[in-house]
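> Under our numbering, the letters of the sequence shown match residues 2 to 223, in that order.
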Amino acid sequence: MIHQLDHRLGFPDPAKARRDGLVAVGGDLSVDRLVLGYRTGVFPWTEDPVTWWSPDPRAVFGLGPGEGGFHIPRSLSRTLRKGAFDVTFDQDFAAVIRACAEAPRDDDATWITPGFIAAYTALHRAGHAHSVEVRQGDTLVGGVYGVAVGGLFAGESMFHRATEASKVALVHLVDRLRSRGFALFDTQMVTPVTRSLGATEIPRAEYLRRLADAVALPCRFV
């Protein structure tokens, strides 16, 4: 039986999620509920109805020693050395999330609906959602957005309009997270791109243990 949320804030234990990772249905995409969701270990994936998920295993990038770590392939290193891109943070969150919503996908669909864009833009204004912008000249060609709670950064989506631009965004994002003492970079699920950069999968139980420690840290993204 799936847990039905109502107007009250709160989530069931994600450790008891359904086999496919579904934790609950219902509620809303308010700032307070979204922050509590990430702090609890769940994230929304659909808007109507709102569904909340905690997959097992969970994909992460290692940020600390002994965690596998973020890997920069040689081709990406060459791209970084060329300095063809300018990278900024939180300069145009709205443009980044819209570009992520418009990015081509194999199934020609996106979960980043207008409702999600409005909700995460509100989360950004509240200081919890952040973006990385990659430009060539004045043109936005890549980026990433995600959510920061304590020492957790949950990557939500990325896009590129120039070769390796989204990977460049990830490199700069990881550097920022490390320099500011973040402990956990959650990527939800492994993709071919994130796997090539060192993303690994850990059991949900381990993720939740690490999450509890991470969200207690007094980290600031900006």
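Just so it is clear, CB atoms sit at the ideal spot from N, CA and C, and this is done for glycine as well.
Keeping to the same chain, check which residues put their C-beta closer than 7 Å to that of cysteine 101; ignore five residues upstream and five downstream.
Counted from its first residue, the sequence shown places residue 101 at position 100. Within the same chain, cysteine 101 has close Cβ partners Ile113, Tyr146, Ser158, Met159, Phe160.
> Just how far apart, CA to CA, sit arginine 9 and glycine 28?
Position 8 of the sequence shown, counting from 1, holds the residue named residue 9. Position 27 of the sequence shown, counting from 1, holds the residue named residue 28. The straight-line gap from Cα to Cα measures roughly 8 Å.
> Give the single residue among Arg19, Ala85, Phe94, Val223 whose Cα lies nearest to the Cα of alanine 166.
In the sequence shown, the residue the question calls residue 166 occupies position 165. Ranking Arg19, Ala85, Phe94, Val223 by CA distance to the CA of alanine 166 puts Ala85 first.
> Closer than 7 Å by C-beta to aspartate 214: which residues in its own chain qualify, once you throw out the five before and the five after it? Chain order, please.
Residue mapping note: residue 214 aligns to position 213 of the sequence shown, counting from 1. Correct list, in chain order: Ala184.
> Roughly how many whole angstroms lie between the Cα atoms of alanine 95 and arginine 136?
Here residue 95 refers to the residue found at position 94 of the sequence shown. Here residue 136 refers to the residue found at position 135 of the sequence shown. If I take the Cα positions, the gap works out to 15 Å.
> Considering only C-alpha positions, which residue in the set Ser31, Ile73, Leu178 is nearest to alanine 149?
Counted from its first residue, the sequence shown places residue 149 at position 148. For alanine 149, the nearest C-alpha among the options comes from Leu178.
> So what's histidine 125 in DSSP terms, helix, strand or just coil?
The residue you call residue 125 lines up with position 124 of the sequence shown. Note: histidine 125 maps to helix in three-state DSSP.
> For the candidate residues His129, Pro15, His125, Thr80, whose alpha-carbon lies nearest to that of arginine 210?
Your numbering for residue 210 matches position 209 in the sequence shown. With distances taken between Cα atoms, arginine 210 lies closest to Pro15.
> According to DSSP, is leucine 10 part of a helix, a strand, or is it coil?
Position 9 of the sequence shown, counted from the first residue, corresponds to residue 10. It is coil, neither helix nor strand.
> If you count every other CB in all the chains shown that lies within 10 Å of the CB of arginine 34, and 16 or more means buried, which is it?
Within the sequence shown, residue 34 is the residue found at index 33, counting from 1. Under this definition arginine 34 is a buried residue.
> Could you give the distance in angstroms between the alpha-carbon of threonine 89 and the alpha-carbon of glutamate 134?
As a first step, residue 89 is located in the sequence shown; it is residue number 88 there, counting from the start. As a first step, residue 134 is located in the sequence shown; it is residue number 133 there, counting from the start. Going from the Cα of threonine 89 to the Cα of glutamate 134 covers about 5 Å.
> Sorted by chain position, which residues of the same chain lie with C-beta nearer than 7 Å to alanine 217's C-beta, five sequence neighbours on each side aside?
The residue you call residue 217 lines up with position 216 of the sequence shown. Closer than 7 Å at the Cβ level, and outside the excluded window around alanine 217, lie Gly151.
> Should aspartate 21 go down as buried or exposed, given a rule of 16 or more other Cβ atoms within 10 Å for buried?
What you label residue 21 is simply residue 20 of the sequence shown in a count that begins at 1. Flag for aspartate 21 reads exposed.
> Give the DSSP-derived three-state secondary structure of valine 223 in the structure shown.
Within the sequence shown, numbered from 1, the residue matching residue 223 stands at position 222. Looking at valine 223 - three-state DSSP - the assignment turns out to be coil, as it is neither helix nor strand.
> From this set, Ser132, Leu141, Leu153, which residue's C-alpha is nearest proline 219's C-alpha?
Here residue 219 refers to the residue found at position 218 of the sequence shown. Answer by Cα proximity: Leu153.
> Once you ignore the five residues that flank arginine 40 on each side, which residues in its own chain have a CB closer than 6 Å to its CB?
Along the sequence shown, read from residue 1 onward, the residue named residue 40 stands at position 39. Hits under 6 Å: Val150, Val216.
> Report the partner residues of methionine 159 according to the DSSP bridge assignment.
In the sequence shown, counting from the first residue as 1, residue 159 sits at position 158. Bridge partners of methionine 159: Val145.
> Apart from the five residues on each side of it in sequence, which residues of its chain come closer than 6 Å, Cβ to Cβ, to tyrosine 208?
The residue given as residue 208 occupies position 207 in the sequence shown. The beta carbon of tyrosine 208 is closer than 6 Å to those of Arg59 in its chain, skipping five residues each way along the sequence.
> Taking just the CA atoms, how far does lysine 17 sit from threonine 140?
On the sequence shown, position 139 is the one that residue 140 refers to. On the sequence shown, position 16 is the one that residue 17 refers to. Distance between the alpha carbons of threonine 140 and lysine 17: 45 Å.
> Does DSSP put arginine 181 in a helix, a strand or coil?
Against the sequence shown, residue 181 aligns to sequence position 180. Correct three-state label for arginine 181: coil.
> Given a cut-off of 7 Å, decide if valine 26 and proline 56 are closer than it, judged by their beta-carbon atoms.
Position 55 of the sequence shown, counted from the first residue, corresponds to residue 56. Position 25 of the sequence shown, counted from the first residue, corresponds to residue 26. It is not a contact, given that the beta carbons lie outside the stated cut-off.
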